[in-house]
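Worksheet for the structure shown next.
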Amino acid sequence: MRLSALAVGLLLVPGLASAQPFTFVSTPASDALAVVDLSTHMVVDTIPLGGGLPSGCAVGPHGKRLYAVLSQSNALARIDMATGAVQMIPVGARPSGVSAEPSGRRVYVANTAPDTESVVDAERGNVIATIPLRGAPP
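Numbering (the numbering used here), first residue to last: 1043 to 1180.
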């Protein structure tokens, strides 16, 4: 299995047998996220995303939600960690990175074409702003 783009957070995953910390890894070849047990360094589960080439992920505050950008689908997958439900949120073209605000109110998605950032309302699950980055100071 080809693994790429480590998640930016750790989480105690509900429903898994042990209370060990886990991380999430994008697995573009299988269009899923791998759940990795950090104590054993083993993949213990996968979260299928139904296509779209996941290229990065982030854990929201308190571990309630997991976010993954899907670069071929131009979408952000919002995964409810309690239920496993996945909501696809349309964002800008070719998203390549995601970050969740520490307050949990907003999620930021970096889009490579045409260099924009989508600001997502984490609770409602919709884009509330698009910030143009072209011409921004370095």
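Even glycine gets a Cβ: it sits at the ideal position worked out from N, Cα and C.
In this text the structure is predicted, and so the values were computed from the model without any measurement.
Which first and last residues belong to the beta strand (DSSP E) in which residue i is found?
i            : result
residue 1112 : 1107–1112
residue 1159 : 1158–1163
residue 1148 : 1148–1155
residue 1096 : 1096–1101
Classify residue i: buried if its beta carbon has 16 or more other beta carbons within 10 angstroms, exposed otherwise.
i            : result
residue 1080 : exposed
residue 1071 : exposed
residue 1168 : exposed
residue 1127 : exposed
Going by DSSP, what residues sit across from residue i in a beta bridge?
i            : result
residue 1143 : Partner(s): none; residue 1143 has no beta bridge.
residue 1118 : 1111 and 1131
residue 1172 : 1160
residue 1090 : 1074
residue 1084 : 1079
Short of 6 Å in beta carbon distance, which residues of its chain neighbour residue i, apart from the five on each side in sequence? Order them along the chain.
i            : result
residue 1163 : 1170
residue 1115 : 1094
residue 1090 : 1074
residue 1102 : 1142 and 1146
residue 1050 : Note that residue 1050 scores a pLDDT of 34, beneath 50, so its modelled location is shaky; the value from the coordinates is reported in the next line. Once the five neighbours on either side are set aside, the close Cβ partners of residue 1050 are 1100.
residue 1135 : 1116, 1153 and 1155
Kindly indicate if chain C contains any beta-carbon less than 8 Å away from that of residue i.
i            : result
residue 1136 : Chain labels in this structure do not include chain C; a single protein chain is all it has.
Between the alpha carbons of residue i and residue j, how many angstroms are there, rounded?
i            : j            : result
residue 1078 : residue 1174 : 35 Å
residue 1172 : residue 1140 : 14 Å
residue 1088 : residue 1064 : 12 Å
residue 1098 : residue 1073 : 11 Å
residue 1155 : residue 1133 : 11 Å
residue 1068 : residue 1124 : 20 Å
residue 1159 : residue 1082 : 36 Å
residue 990  : residue 1176 : The structure shown does not extend to residue 990, since the chain spans only 1043 to 1180, so no value can be given for it.
residue 1120 : residue 1110 : 7 Å
residue 1113 : residue 1144 : 24 Å
residue 1161 : residue 1106 : 19 Å
Ordered along the chain, which non-local residues of its own chain (more than five positions away) have a Cβ less than 8 Å from that of residue i?
i            : result
residue 1084 : 1078
residue 1147 : 1163, 1164 and 1165
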